[in-house]
Amino acid sequence: MSTTRQLLDDCFLHDKDRMKHAEVLDTIDRSLNLVVNDEELSLDDAYGRIIAQDVIAPRNVPYTDNTAVDGYAFSHADYISYEGKLALGALIAAGDSHEVTLKKGECARIFTGAIMPQNAETVAMQEDYEITEDGKIFIPSGLKLGANCRKAGEDLKAETCVINQAELLTPAKIATLASIGMAQIKLRKKLRIAILSTGNEILDASQPFSAGKVYDANRPMLKALLASPMVTISDLGILPDNEAAITQAMRDAAQNHDLILTSGGASRGDEDHMLNVLSNLGKRHLWQIAIKPGRPMMFGQINNCVVVGLPGNPVASMVCANLYVYPVIAKLLGMPIKQPQGISVAADFEINKKKTDRREFLRGWLQEDENGNTIAVKFDRDGSGLITGLRKATGLIEIPEEVNKINKGDRVCFVPFHAFKPS
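Just so it is clear: in the sequence shown, position 408 is 408 by full-length UniProt numbering, and no numbers are missing.
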């Protein structure tokens, strides 16, 4: 397949007001398309990748009726007619391919997975039989028609689509592909992501500390957050607050990556150069969004490379990565944007006053109160540079724009971090 343009020609023209959360997602959704080609790989290499084809079952699974247990197979009508006393006929083992037909009043000794006799549809477990004085197999009454028999096609029907293109291959989906004998599968190629930080004050963890400096938490965090079999990540390090250096690095990265993620330098300070660099090299499609934390985020393109400029504060950077970078990755891989599934729970906190023109995402977790009810607890401080809040949190508490206060006990939406990931 040929790659398609991932961004529309028309830049998003927004008002002086900051863009709302839903508008950001809509802009991402309508602007981005599949950008990677396909490749055919072994099923052993398919876990966590995006499938690039619809998969049609070539045959029924199971292929024929077979037994789910070790025991005795027979016609339920004979079981009733002969009052559970049946003569022992053939022995059928798993893997036997020959067809067996039982005589009237006869049962077959059968083992798990073996093909059912042509005129049998019921199996008694081997623990549930007795041998009569005349050598018959006696099955006590009460066994239902079709007991312990797996019908042909009850798992997968021949000629039905079992996996659609653009799905993420989980272990269960890989089991499905293996069950129909697919050794090779067409997959989306990995998305190429470049990650860099900016700032004269930023140090790599390998460097000695000095006054006025801070260690870079964003690159390691983003690399860990986005690491998956569907992407490759290039760490471009830390760039100084120098427009020429940033311009060169961004121009180079755009030539061999599908997505560039930057953190820091996206505001309007004298040493914030990302906005100018992106505008000079390509197009800026949005900047300044009405959320907390994460207001100074930008989104645009350099030729066919998408650029997302994340805030420099680690909390804001991680929140925006969950909210917006995951959807960007999904769209560039040809997947639909996922709506994270939140949980409605009672708030164990109060907010006396909240601005109604922005959506807020609080770090928090779930726990039980003294009555055993699940409640949402928020981290007690809101600073977007407090990594401790990220460490303690298991998800985000989402407060919509129209809400102006929260009373203890009010229902709030808690979204676990794992719910944001493409799936």
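The beta-carbon is built from N, C-alpha and C at its ideal position, and this holds for glycine as well.
Check, Outcome
"Ile-406 and Arg-358 closer than 8 Å at C-beta", "no"
"Cut-off 7 Å between Cβ atoms - residues of its own chain near Ser-42, not counting five sequence neighbours on either side", "Ala-183 and Gln-184"
"Val-36 beta carbon near the ligand FAD (any heavy atom closer than 7 Å)", "This structure lacks the ligand FAD; in fact it carries no ligand of any kind."
"The beta strand (DSSP E) enclosing His-285, as first and last residue numbers", "283-287"
"Nearest neighbour of Arg-59, chosen from Lys-421, Pro-296 and Lys-157 [CA to CA]", "Lys-157"
"CB contact below 8 Å: Ala-419 versus chain B", "Within the model displayed, chain B is absent; a lone protein chain is all it includes."
"Gly-300 and Ala-316 closer than 8 Å at C-beta", "no"
"Residues that DSSP places opposite Ala-120 in a beta bridge", "The partner list for Ala-120 (beta bridge, DSSP) is empty, contrary to what the question assumes."
"Pairwise C-alpha distance: Asn-371 and Glu-23", "40 Å"
"Rounded straight-line distance, which links the Cα of Asp-155 to that of Ile-302", "47 Å"
"Gly-364 to Val-319 span [Cα, whole Å]", "12 Å"
"Inter-residue spacing [alpha-carbon to alpha-carbon] between Phe-414 and Phe-420", "12 Å"
"Ser-31, buried or exposed, once every other Cβ within 10 Å from all chains shown has been counted against 16", "buried"
"Endpoints, beta strand (DSSP E) assigned at Ala-90", "85-92"
"Cβ-based neighbour list, Ala-249, same chain, cut-off 8 Å, excluding 5 preceding and 5 following", "Leu-196, Leu-236 and Leu-239"
"Cβ-based burial, Ala-77 [other Cβ within 10 Å; buried from 16]", "exposed"
"Residue(s) in a DSSP beta bridge with Ile-115", "Asn-66"
"Where Ala-108 falls, given that 16 or more other Cβ within 10 Å makes a residue buried", "buried"
"Spatially closest choice to Asp-134 from Pro-208, Pro-62 and Leu-88, by CA coordinates", "Leu-88"
"Proximity winner among Arg-284, Gly-383, Arg-188 and Lys-353, relative to Glu-402 (alpha-carbon distances)", "Lys-353"
"Where the alpha helix (DSSP H) through Thr-176 begins and ends", "171-179"
"Rounded C-alpha distance that separates Val-328 from Leu-225", "14 Å"
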